[in-house]
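Here's the structure, in structure tokens; my notes come after.
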Amino acid sequence: MSTGIPVQYFLVLATIMFFTGIYGFLTRRNLITMLMSVELILNAVNINFLAFNRYLYPHKLEGMFFSLFIIAVAASEAAVAIAIVINIYRRFATINVEDVNEMKH
Amino acid sequence: MINFSYTIWIPLLPFFMFIFLGLAGHKYFPKLSGILGTCGLAIITVLSYITAYKYFFTTEKVDGAFQKITAFNTTWLQFTDKLHIDLGVLLDPISVMMLVVITTVSLMVHIYSLGYMKGEKGFERFFAFLSLFSFSMLGLVLATNIFQMYIFWELVGVSSFLLIGFYYQKPSAVRASKKAFIVTRFADLGFLIGILILSFNTKTFDFISLTDPSGTAITQGSGIGFLGLSIMTWSMIFVFMGGVGKSAMFPFHIWLPDAMEGPTPVSALIHAATMVVAGVYLVARMFPIYALAAPVALNIVAYVGAFSSIFAAIIACTQTDIKRVLAYSTMSQIGYMMLALGVSGYGGHEGLGYMASMFHLFTHAMFKALLFLGAGAIIHAVHSNHMTEMGGLRKYLPITHITFLIACLTIAGIPPLSGFFSKDEILAAALHHNKLLFAVEYAVAGLTAFYMFRLYFSVFWGKETAYHHTPHEAPATMTIPLIILAIGSVLTGFIPFNQLVTSDGRAFESELELMVAIPSVLIGLLGIGIAYILYKKESAIPDKLAATFKYSYKWAYNKFYMDEVYLFVTKKIIFKLISEPVAWFDRNVVDATMNAIASVTQGVSFRIRGFQSGQLQKYGFVFITGAIMLAILFIYLWK
Amino acid sequence: MISNQIMFILFSAMIIVFSILTVTSRKILRAAVYLLFVLVSTSGLYFMLDYQFLAAVQLTLYAGGIVVLIIFSILLTSHISQKFEPTGIMKSVFSAIASIAGAILAIITILDYNFSATAQAAKEVDMRLIGNSLLSVDYDGYILPFEVISVLLLAAMIAAIVIAKRGGPEKSELPTLKQE
Amino acid sequence: MDILSLFVLIPVLTITGILLLKDARQVRLVAIFGMSLQLIMAAVLVFLYLSARHSGNTDEMLFVKDYLWFKSLNIHYAVGVDGISVALISLTSIVVFAGLFASWEVEYLKKEFFISLILLATGVFGFFISIDLFTMFLFYELAVIPMYLLIGIWGTGPKEYSAMKLTLMLMGGSALLLLGILGIYFNSAPNGGRLTFNILEISKVVIPISAQRIFFPLTFIGFGVLGALFPFHTWSPDGHASAPTAVSMLHAGVLMKLGGYGAFRVAIFLMPQAAKELSWIFIILTSISVVYGAFGAIAQKDLKYINAYSSVSHCGLVLFAVLMMNKTAMNGAIIQMISHGLMTALFFALIGMLYGRTHTRMINQMGGLMKVIPFLSVCYVIAGLASLGLPGLSGFVAEMTIFVGAFQHPELFYRIVTILAISSIVITAVYILRVIAVLLLGPTTNEHFEHLPDAKWFEKISVVTLIGSVAAIGLAPFWLSSMIGTSLQPIVDRIVALNPF
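Rendered as structure tokens:
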């Protein structure tokens, strides 16, 4: 299905997605939206893995399994992160990241 | 050879007495300690007399000369193979003579103090200090080496400090003691440097090898030069600086008048008869080096002595505190002794000045102690130091009056009292050496007679003064020493010093030189005469004279403003210009630099701490920027 | 061929547009929905790459699980209608510069690099193979990562429960470290 | 039997004993018991040492014990003493003993106080017995650390500031020192072979001169900071002023001696060539210390500051003499360490006691105390006289040995500098007498002071111990001087062999 599309296209797409995620991570103030940015980043990585696997090493499955594991990790990460967010919300009554700076100094 | 090893007990006995009285006296026998101290001193006086007799009359002379005998010697501290401090007893004519002087005067002072200090607070402390002083002074004169001398030199300094400050609740006494110590300490610095230079070149501290006229020390030392003078000369000049301080010569004399704040017996013992002549003794001790290897230094000795004697004599004419008059008189007389040493040569008749100096030291100790003790008796009776508050005391204090008169005549050089003989020898020695110094000493002789009789007439004659309570003669403990010393003053002039104490230990002939003696007696009489006219009866002439020579009088009265100069140097220069800036510098520059280092570190760390803001996104930003930078660096820039 | 390319362009466009909307939208719920779109489009890409299983996982886990989780937590912590304060100009500018620079750098590198594919035949990815590989201890097996992930998931589950459980000191009792 | 390790073991056991105590009242008894034992041990050590020497044992170090500790770096726990260490160990035991009696009345956190104090003493003892550079450094640090607590917790005035300053400056010194020691270590086998920290082994080889030039200044300044080398002395006034009595005593009396001892035993002994080359710089610095400290003391008003500056001056003299690198001057340096240790401990003890009564240390607020508290005042006068170098007390012996030794230096420059340093004795006299005059003599100025109690029995023990030692050295210096001199001989031989004059 992927014939006619060079691998670079996928990689460029993933790059753009990745840096969009980065941008979001750096600018969003809300912890949940930051979490979403992280999901974007992970997705971009997944795309890369799969593209490489498909184009460069089609006889192997490392890329795919890695993506699979990343999805698993992302899921657990999301679970824990959201638990933390809820806890923070309880404690500080906000999930604005700039107000949560108890770790300062 | 006669065994002199017992002489070690002469200094040690007072030392143990000091420890004993100092530790136990206060608690257990405050009353008895005076008697104990006096007894101890009496024992060593007897020992000293025995030693003197044995040394001068029973010890065999070698080659017609008295030998230096090391009666006892032990190494106290080893520096290098050759340099070591020994503690020991060296007997030679001058040390034996000093033994006699010190023990005699000290014994008199002890007896006198039994009466004078009776009932004072700290009676036992006083005697403990006196014992300490006797110990140190005896150790000083018996020293076998120059470093031992320095040790005891410091110890007499500190005993003097303790005794001047005996009335420690009196601020003036405290000030005076401090001043005495610091001024002499400064001079001792010179002494120490002198010792170091000397020992560096000769590699020995020992007096016998240092002063051996044919020894290596003297023959080698004149070689190496520095600023035009030989090293030996330099070292002798520095050593003499110590002597200048201790003997209150110009310019280190300022402590002596103030030292009169101490109890009067102390003034008699330390600041008239014994400690202050230590400088003379020091020069006499090192005399062969001065005479043979460092003539320039010897000349300095002569001029310093001459200047001090006339300087002090002029000031003495204007002072009104009797103890201060006596103090300046002491300074003047020590100037005489210094001068005598300075004009002396080594050996035979050349050494007349040396002999004269020692002779004068001896007689001076007697009559000056007598004068001070007499002054003490007067003060005891009148409760004042000031001549202006005295007058007509001859009726109340007959014994004091007679003995005081004898002392005054002695110091004025009236024959046949002892002062005449010794002063005459000095003048004769000066005449042969240097006419200028001779003329100066003539003037001083006249001045001396004048101010002593000024003192005598104003105190015992002069105006009739009303006293609060009738002055009465002192108790026997005080008058007996006066009488003994008066007898001493009269008779000691007949001791044949030219047979006993000479520069090279050999006797030489000397006779009275009438050409010198007659004018000196005349000038003495002239001084007495002037004093008689001015002060016998109450008269206005002195005030008029003072008014006529207003400025000179004022200068002399204020001791030529030497105190002020010193005050300026210490307060303004040392304290304000050195110490306080140093302290300021330390706090505000050195310490501030250290603190600045600390603050910079702290400041930087505060800055760095700002990075740790807890802002997750800042961390992220820095991380990502950093990663990108590194990527650029490693991929594109760092090929 | 062409349809492929059209599909790719469509998916990429959706991904890029919705990604940007996700990170810039000022309403949090909308952001979540945009994220959902991105994830769905991504799974479309997976289909294009012939990884059907992964695409399915992506759809169920991401689009179904995580996004729902996110939306739940949004509902728990914010008002749906709540609008964010706009991000500080400086912050967004600097972040944008950093991101764009990074992106350009990466893209240049990618375009510069000459990717060379192997000539070996592609492996057919079917469910059986995936299952065997995951549980195999052979050279090609992934049993160790599989176990690790399992443990991780378990740990995450417990952790999420522990963290989210009510307890611990209240805010007022916290030591205040902000002195400076 | 390993007699030297007992000097570390006894304090450690004492500390353990104190830790185990339930009753705080017995703390000082245990502490004093332990430290008295230590004092006795020191006396035994002196006796054993002298009899060993007397029986013809001419080894450089006696009672040597060596246990391998870290094999990979060749670090040993190696101990051994010569006459110098023995003398300094005796000094330490005396000062610690007196210090405990002087802190008899500490009530606040008594247990911790005595533990820290004895811990400090442990470090000092360990330092003096070590002949392995690494162990030496370890004990050195062990001695410095409790100081921070002792000043910071039990001090007076701006104690946190002073404690911080003191510790940081000493730590800065240690940093340089560590560099220096490592430098020595890595150059300890220039001809191949195993690197070593052992001083005796290093002294058998010659460290390359290029390395010496780098590491001598580091080591010397490192130790010099502790020995109050100008311009690194400023911790001393603040630190001493804030420290509690016993700590001032120990610090000025003993800890500052580590600097002098180390400078001599490590810096100069191991690197004599660089020492000779660079000595002129440090001679200038130390002469500045000597004179500058004395002038600084004149302008001070706080008793402890006066004494701190005086310590700067006296400790400067130690380093000064060490740098003269001849036997007499070095002998003088060691005697000066001991003499200054005793004397300054005495001073600080007395100042502490005065402060405990009058609650001020400003001399212009006091006056005429001689009449009120004669015992303490007389002791103060004796301490003062010892400090200004009165013959018959230890200061004189030390200073004269230094001056005579220093003046034997063949180069004129050194002799002239010596004369400058000698001039400090006058300045010393000025400030000492000033204090005595203002503080003790004269009329009693403040009527609150009319009824101050004189010394209590434990204070008397403390003071009399110290005065006794000062006077003993002053009256009979020969045995001490010859004990040190014998041990100095091999060291001087090495220096002379490497630096033919």
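Protein chains in written order, with our numbering: chain A, 1 to 105; chain B, 1001 to 1639; chain C, 2001 to 2180; chain D, 3001 to 3501.
The beta-carbon is built from N, C-alpha and C at its ideal position, and this holds for glycine as well.
Predicted, not measured: the structure shown is a model, and the values here were computed from it.
1. Taking the alpha-carbon of residue 1057/B as reference, which of 1408/B, 1500/B, 1069/B, 1219/B has the nearest alpha-carbon?
2. According to DSSP, is residue 2035/C helix, strand or coil?
3. Out of 3022/D, 3114/D, 3040/D, which has the shortest C-alpha to C-alpha gap to residue 3007/D?
4. I'd like the list of long-range same chain contacts for residue 2174/C, defined as Cβ closer than 7 Å, with 5 residues on each side in sequence excluded.
5. Is the Cβ of residue 2175/C closer than 9 Å to any Cβ of chain B?
6. Please work out which residues of its chain come closer than 7 Å, Cβ to Cβ, to residue 1443/B, disregarding the five sequence neighbours upstream and downstream, and give them in chain order.
7. Which bits of chain C does residue 85/A rub up against, with CB to CB less than 8 Å?
8. Where does residue 1082/B fall in DSSP's three states?
9. Quick check on the burial criterion: 16 or more other C-beta atoms within 10 angstroms. Buried or exposed for residue 1416/B?
10. What did DSSP end up calling residue 1619/B once you bin it into helix, strand or coil?
11. Could you tell me whether the Cβ of residue 2099/C comes closer than 9 Å to any Cβ of chain B?
12. May I ask you to report which of helix, strand or coil DSSP gives residue 2173/C?
13. Short of 7 Å in beta carbon distance, which residues of its chain neighbour residue 1288/B, apart from the five on each side in sequence? Order them along the chain.
14. Look up residue 3355/D in the DSSP assignment and give the residues it is bridged to.
15. For residue 3197/D and residue 3178/D, what's the separation of their Cα atoms in angstroms?
16. Helix, strand or coil, according to DSSP, for residue 3109/D in the structure here?
17. With residue 1259/B and residue 1365/B assumed to form a contact (beta carbons below 8 Å), what rounded beta-carbon distance in angstroms separates them?
18. By Cβ distance below 7 Å, which residues in the same chain neighbour residue 1304/B in space, the five residues on each side in sequence not counted?
19. Quick check on the DSSP output: the alpha helix (DSSP H) that includes residue 2125/C runs from which residue to which?
20. Provide the residue span of the alpha helix (DSSP H) that contains residue 3479/D, from first to last.
21. Return the CA-CA distance between residue 1078/B and residue 3482/D, expressed in angstroms with no decimal places.
22. Please list the partners that residue 1078/B has in chain D, where partner means a Cβ-to-Cβ separation under 8 Å.
23. Between the region 3234-3254 of chain D and the region 3350-3363 of chain D, do three or more beta carbon pairs fall short of 8 Å?
24. For residue 2126/C, would you say it is in contact with chain A, using Cβ-to-Cβ distances shorter than 9 Å as the test?
25. So is residue 2138/C buried or exposed if we call it buried at 16+ other beta carbons inside 10 Å?
26. Relative to the C-alpha of residue 3373/D, which residue among 3252/D, 3448/D, 3113/D, 3087/D is closest?
27. Within this structure, are the beta carbons of residue 53/A and residue 36/A separated by less than 9 Å?
28. From the DSSP output, in three-state form, read off residue 2008/C for me.
29. Opposite residue 3362/D in the DSSP bridges: which residues?
30. In whole angstroms, what separates the C-alpha of residue 1627/B from that of residue 2057/C?
31. Between the alpha carbons of residue 2172/C and residue 31/A, how many angstroms are there, rounded?
32. For a contact defined as C-beta to C-beta under 8 Å, what are the partners of residue 26/A on chain B?
33. Put residue 2132/C into one of helix, strand or coil per three-state DSSP.
34. Quick check on the DSSP output: the alpha helix (DSSP H) that includes residue 3078/D runs from which residue to which?
35. Taking its Cβ as the centre, do 16 or more other Cβ atoms sit within 10 Å of residue 3244/D, making it buried, or is it exposed?
36. Could you check what DSSP says for residue 3280/D in three-state terms: helix, strand or coil?
For this structure:
1. Closest by C-alpha distance to residue 1057/B, out of 1408/B, 1500/B, 1069/B, 1219/B, is 1500/B.
2. Note: residue 2035/C maps to helix in three-state DSSP.
3. Comparing Cα positions, the closest option is 3040/D.
4. The pLDDT assigned to residue 2174/C is 44, lower than 50, so where the model puts this residue is not dependable, and the model offers no usable value.
5. For residue 2175/C, the pLDDT reaches just 45, beneath the cut-off of 50, and the residue's location in the model is therefore unreliable, although a value from the coordinates is still provided. Output row for residue 2175/C: interface = no.
6. Setting aside the 5 residues that flank it on each side, residue 1443/B is surrounded in the same chain by 1310, each with a C-beta closer than 7 Å to its C-beta; the list follows chain order.
7. Residues of chain C with a Cβ closer than 8 Å to the Cβ of residue 85/A are, in chain order, 2073, 2077.
8. Coil at residue 1082/B, not helix or strand.
9. Residue 1416/B comes out exposed.
10. Correct three-state label for residue 1619/B: helix.
11. Cβ-Cβ to chain B under 9 Å: yes for residue 2099/C.
12. Residue placement at residue 2173/C is flagged as unreliable, the pLDDT there being 44, under the threshold of 50; a coordinate-derived value is accordingly withheld.
13. Result list for residue 1288/B: 1211, 1213, 1218, 1346, in chain order.
14. Looking at the DSSP output, residue 3355/D shares a beta bridge with no other residue.
15. So the two alpha carbons sit approximately 12 Å from each other.
16. It is coil, neither helix nor strand.
17. For residue 1259/B against residue 1365/B, the beta-carbon gap comes to about 17 Å, at or over 8 Å, which does not count as contact.
18. Scanning its chain for C-beta atoms nearer than 7 Å, with the 5 sequence neighbours on each side dropped, one finds around residue 1304/B the residues 1244, 1249, 1250, 1338, in chain order.
19. No alpha helix (DSSP H) holds residue 2125/C; DSSP gives it neither H nor E.
20. Unbroken alpha helix (DSSP H) run through residue 3479/D: 3478-3498.
21. Rounded to whole angstroms, residue 1078/B to residue 3482/D spans 7 Å at the Cα level.
22. Taking a Cβ-Cβ cut-off of 8 Å, the neighbours of residue 1078/B in chain D comprise 3478, 3481, 3482, 3485, given in sequence order.
23. Yes, the region 3234-3254 of chain D is in contact with the region 3350-3363 of chain D.
24. Taking Cβ atoms only, chain A never reaches closer than 9 Å to residue 2126/C, which makes this a no.
25. So residue 2138/C counts as exposed.
26. It is 3448/D whose Cα lies nearest to the Cα of residue 3373/D.
27. No, the Cβ-Cβ distance between residue 53/A and residue 36/A is not below 9 Å.
28. If DSSP states are grouped into helix, strand and coil, residue 2008/C belongs with the helices.
29. BP columns for residue 3362/D point to 3302/D.
30. If you take the alpha carbons of residue 1627/B and residue 2057/C, they lie about 32 Å apart.
31. Per-residue confidence for residue 2172/C stands at a pLDDT of 44, beneath the threshold of 50, marking its modelled position as unreliable; the derived number appears in the next sentence. Distance between the alpha carbons of residue 2172/C and residue 31/A: 22 Å.
32. Here the neighbours are 1617, 1620, 1621, 1624.
33. Looking at residue 2132/C - three-state DSSP - the assignment turns out to be helix.
34. Note, residue 3078/D: premise wrong, no alpha helix (DSSP H); beta strand (DSSP E) at 3075-3081.
35. Classification of residue 3244/D: buried, given that the 10 Å Cβ count is 16 or more.
36. It is helical.
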